[in-house]
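Reading through the structure tokens given below for one structure.
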Amino acid sequence: MMCGVISGVLYWRHTKRTAFPLLDPMLLVRHQQFRSAIIGGSIFRVGVGATPFLLPLMLQLAFGMTPFESGMITFIGALGAILSKFVAERAFAAFGFPRVLVFTSIGACLSLSFNGFFTPETPHIILYGVLLAMGLMRSTFFTGVNALGFSDVEEHEASQASAITAVSQQLSIAFGVAVAGGALEVSAGMMGGKLSLEAFHAAWFAVAGISLLSALLFWRLPADAASDVSGHKILKPPPKPPDTVL
């Protein structure tokens with residue numbers, strides 16, 4: 021971690037002396053929509069990175085399922101991602117980027133927290149429904165946040181924006197796995213060192229709470245943010261008629 025901090029400081033100094041750095045952190049300062057997409061998307065990906073780690077472990081260790089059985093259940097989330105391709109474009113055109121991103125980020129995080137209530141006695145149909153909804157909202161969110169991030173970036177800044185986006189995605193997903201593992205270890209330690217179902221539940225609540233903070237970044241955006249990309253039209257009140265002079 022110390023090496024990472026030192027490298028970051030050295031690179032920041034390098035950007036001050038270079039006209040065209042590979043990763044220009046000032047893009048986050050100059051463009052509000054790009055900043056919201058990067059920071060909000062990174063916070064949201066904490067839960068995304070935690071899910072492939074926590075869910076199979078919980079199903080196999082706490083529920084007693086085989087790897088094949090847990091794989092068939094986690095596969096449902098991919099079906100939700102496919103379904104999002106049929107609704108995402110219409111949703112953003114009808115409601116705009118900020119509203120849909122706030123709704124999907126909250127909905128996906130609530131679905132994450134629902135995993136903290138699952139037990140071996142939970143009917144599989146409920147598991148399927150929650151994972152399907154989580155996959156649908158998660159994929160819709162990523163469709164929107166990727167488009168939003170490049171909506172206010174100039175053409176000559178696109179390559180740097182792409183590099184920053186790629187780096188932030190990998191870092192945030194890896195951070196999500198680290199947070200999930202840390203939360204699981206801490207909760208297990210508080211419960212006598214046993215990796216119990218309650219330890220998994222606590223880890224789900226932790227990553228869901230962190231990911232939920234992403235909604236604040238999109239709540240602050242104007243309602244017409246990137247409307248030229250989404251096609252969303254905001255109805256404006258008709259102008260007042262001029263006052264008549266008697």
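Numbering-wise (the working numbering), the sequence shown opens with residue 21 and increments by one. Quick reminder that beta carbons are idealized off the backbone N, C-alpha and C, glycines included. Values in this document were obtained by computation on a predicted structure and should not be read as measured data.
Among the residues of its own chain, which have a CB less than 6 Å from the CB of residue i, if the five just before and after it don't count?
i: Leu-103; result: Leu-156
i: Ser-192; result: Ser-62, Arg-65
i: Cys-23; result: none
i: Ala-108; result: Thr-160, Thr-163
Among the options, which has the Cα closest to the Cα of residue i?
i: Phe-162; options: Cys-23, Met-85, Ile-59, Ala-200; result: Ile-59
i: Ala-222; options: His-176, Phe-137, Phe-117; result: Phe-137
i: Ile-96; options: Gln-52, Lys-105, His-144; result: His-144
i: Met-53; options: Ala-167, Phe-123, Ile-126, Pro-72; result: Per the sequence shown, the amino acid found at residue 53 is Gln instead of Met. It is Ala-167.
i: Ala-181; options: Met-46, Leu-30, Ile-26; result: Met-46
When we look at the beta-carbon of residue i and count the other beta-carbons within 10 Å, is it buried (16 or more) or exposed?
i: Arg-33; result: exposed
i: Phe-83; result: buried
i: Cys-129; result: buried
i: Met-172; result: A quick correction: the sequence has Asp, not Met, at residue 172. Flag for Asp-172 reads buried.
i: Thr-185; result: buried
i: Val-187; result: exposed
i: Val-265; result: Note that Val-265 scores a pLDDT of 49, beneath 50, so its modelled location is shaky; the value from the coordinates is reported in the next line. It counts as exposed.
i: Thr-139; result: exposed
i: Leu-237; result: buried
i: His-51; result: buried
i: Met-78; result: buried
Per DSSP, what kind of secondary structure is residue i in: helix, strand or coil?
i: Thr-142; result: coil
i: Val-66; result: helix
i: Ser-56; result: helix
i: Leu-217; result: helix
i: Gly-164; result: helix
i: Leu-236; result: helix
So, for residue i: in the same chain, excluding its five sequence neighbours on each side, which residues have a beta-carbon less than 8 Å away from its beta-carbon?
i: Gly-100; result: Leu-151, Leu-152, Ala-153, Met-154, Gly-155, Leu-156, Met-157, Arg-158, Ser-159
i: Val-49; result: Arg-55
i: Leu-74; result: Asn-135, Ala-200, Leu-204, Phe-220, Ala-223, Trp-224, Val-227
i: Lys-214; result: Ala-208
Notebook entry, point to check: At a cut of 8 Å, does the stretch 226-239 reach the stretch 66-73 through at least three beta carbon pairs?
Noted result: Yes, since at least three Cβ pairs between the stretch 226-239 and the stretch 66-73 fall closer than 8 Å, the two stretches touch.
Margin query: Quick test of the definition: if touching needs 3 or more C-beta pairs under 8 Å, does the stretch 109-125 touch the stretch 90-99?
Written below: Short answer: they don't touch.
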